[in-house]
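Everything on this sheet refers to the single structure shown next.
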Amino acid sequence: MSDCLHRLFAEQGQSPWLDNLQRGYITSGHLDAIINTGIRGLTSNPTIFQKAIQGSADYDEQFASATAAGMSTLDAYWDLVTKDIDGALDAFEPLYESSLGLDGFVSVEVDPSLANDGTATLAAAQELHNRISRPNVMIKIPATIEGIPAIESMIAQGCNVNVTLIFSLERYQQVMDAYISGLEKRLVLKLPISTISSVASFFISRVDTEIDRRLEAIATPNALSLCGTAAISQARLAYQLFEQTFKSARWKKLAQNGAQMQRPLWASTSTKNVAYPDTMYVDELIGPHTVNTLPEATLAAFVQRGTVECTITADLDGARERWGALGACGVQVDDVAAVLEREGVSSFQKSFDELMTALSTKALNTKES
0 MSDCLHRLFA EQGQSPWLDN LQRGYITSGH LDAIINTGIR GLTSNPTIFQ KAIQGSADYD
60 EQFASATAAG MSTLDAYWDL VTKDIDGALD AFEPLYESSL GLDGFVSVEV DPSLANDGTA
120 TLAAAQELHN RISRPNVMIK IPATIEGIPA IESMIAQGCN VNVTLIFSLE RYQQVMDAYI
180 SGLEKRLVLK LPISTISSVA SFFISRVDTE IDRRLEAIAT PNALSLCGTA AISQARLAYQ
240 LFEQTFKSAR WKKLAQNGAQ MQRPLWASTS TKNVAYPDTM YVDELIGPHT VNTLPEATLA
300 AFVQRGTVEC TITADLDGAR ERWGALGACG VQVDDVAAVL EREGVSSFQK SFDELMTALS
360 TKALNTKES
């Protein structure tokens, strides 16, 4: 069996995480087997849970018991989710301990309907954190402008946060600043900061999907030559922001007190265009202090034919040139980011709502039968 996932971390400092979770992975021992291949963490989202719960009978008994006990459909949903998260946290706990809190995290997302309500997002994040109450859980909070204060507040409270749905360099800088500000607030109060961990999830393939669509509509030779370059270019520029931010004098004071860097996490790394190599968003984004969360098909492809070498700092001048050329061609990257953020939130909300409807119907049918 390939050892490339172990090598990815040992040689290049990148942590491969799995972007999937379902009950059967835990009960069958499949998740343990995946961890043994070199996977160092796990992410979930409302779409993943929709597919898991609607696509399997594994949850039926627990759901029936919950609703029979008078639990609402929403509470029963969170009961299902937290049981899966708890099982995954158990599986990753030895890695969390052996890595001294670097990896072994499992991420669970707050209700996506709250993404544009910072106060409600913070309350939901606190409730979810308290409900699970495990040192290796990460609470996922969308990087909407309304979510930024909630992120800072959760960090200041000593919670691990996975900041999700980042689509722009400007918002990424705001996310890093929120993380640092949260740690600074703790330091002022003389509270410990060394055990707090966070990742900033930059979405990759969706950027190419949207920008390629616009470039193809423009259809000039210059525009078409940029197809398939935007996502990797932006990620490499984001990594430069990461390096600058976490080498600053402001950061050094926190580091001297044991703070961990907020690592950039590459999400949405399956290629949506069949013309692109299926390992493209893994091979081209490898570098120290990063995470790549992989859907299983992408994971399998990388294990079979991935290349383990540092690429995140390759051709930076070219990345800047190609990213800047998008505007000259008529692609407004700020608008792209705004559209993708709305679509990302909407997509997770749709999955959440569809699952709630299906579970409500199932609860009603159970009562009638």
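So that you can map any letter, position 287 of the sequence shown is 286 in numbering that gives the first Met the number 0, and since no number is skipped, the others follow by simple counting.
The beta carbon of each residue, even a glycine, is placed where N, CA and C say it ideally should be.
Keep in mind the model is a prediction, meaning the values are calculated, not measured.
- In this structure the region 131-147 lies against the region 159-168, because at least three pairs of beta carbons, one per stretch, are closer than 8 angstroms.
- Between residue 154 and the set 118, 192, 168, the nearest pair of CA atoms involves 192.
- Looking at the backbone, the Cα of residue 132 and that of residue 221 are separated by about 52 angstroms.
- With a 10 Å radius around the Cβ and a threshold of 16 neighbouring Cβ atoms, residue 363 comes out exposed.
- The C-beta of residue 189 has fewer than 16 other C-beta atoms within 10 Å across all chains shown, which makes the residue exposed.
- The alpha-carbon separation between residue 169 and residue 322 amounts to approximately 14 angstroms.
- Residue burial is scored here from C-beta neighbours: residue 68 has fewer than 16 other C-beta atoms within 10 angstroms and is therefore classed as exposed.
- By the Cβ criterion, the region 299-306 is not in contact with the region 20-28, since fewer than three pairs of Cβ atoms, one from each stretch, lie closer than 8 angstroms.
- When DSSP assignments are scanned along the region 65-99, no uninterrupted stretch of beta strand (DSSP E) that is 3 or more residues long falls wholly within it.
- The Cβ-Cβ distance between residue 325 and residue 205 does not fall below 7 angstroms.
- Residue 153 carries a helical assignment under DSSP once its states are collapsed to helix, strand and coil.
- Each residue's CA atom was taken as its position, placing residue 123 and residue 207 some 32 angstroms apart.
- If you compare the alpha carbons of 63, 22, 157 with that of residue 196, the shortest gap goes to 157.
- Sorting 42, 294, 219 by C-alpha distance to the C-alpha of residue 136 places 42 at the top.
- Less than 7 angstroms separates the beta-carbon of residue 290 from that of residue 198.
- According to the DSSP secondary-structure assignment, residue 293 is paired through a beta bridge with 17.
- Listed in chain order, the alpha helix (DSSP H) runs fully inside the region 221-270 are 229-244, 248-254, counting runs of at least 4 residues.
- Annotation: residue 117 to residue 159 spans about 17 angstroms, alpha carbon to alpha carbon.
- Residue 364 carries a helical assignment under DSSP once its states are collapsed to helix, strand and coil.
- Per the C-alpha coordinates, the member of 344, 22, 14 positioned closest to residue 87 is 22.
- In terms of CA proximity to residue 260, 251 leads the group 267, 266, 268, 251.
- For residue 106, the enclosing beta strand (DSSP E) has its first and last residue at 104-108.
- Taking C-alpha positions only, residue 49 is separated from residue 61 by approximately 16 angstroms.
- Sequence-distant partners of residue 114 (beyond 5 residues in either direction) whose C-beta falls short of 6 angstroms from its own C-beta, in its chain, are 141, 143, 344.
- In this chain, the alpha helix (DSSP H) harbouring residue 119 covers 117-131.
- Residue burial is scored here from C-beta neighbours: residue 361 has at least 16 other C-beta atoms within 10 angstroms and is therefore classed as buried.
- Residue 36 sits in coil when the DSSP states are folded into three classes, being neither helix nor strand.
- In its chain, beyond the 5 residues on either side, 107, 109, 138 have a beta carbon closer than 7 angstroms to the beta carbon of residue 127.
- Taking C-beta atoms as the reference points, residue 20 and residue 78 fail to come closer than 7 angstroms.
- For residue 167, the closest C-alpha among the options 179, 180, 210 is that of 210.
- Cβ atoms of residue 201 and residue 234 come within 8 angstroms of each other, at about 6 angstroms.
- A contact is defined here as three or more CB-CB pairs under 8 angstroms, and the region 170-187 fails this definition with respect to the region 212-220.
- Residue 332 carries a helical assignment under DSSP once its states are collapsed to helix, strand and coil.
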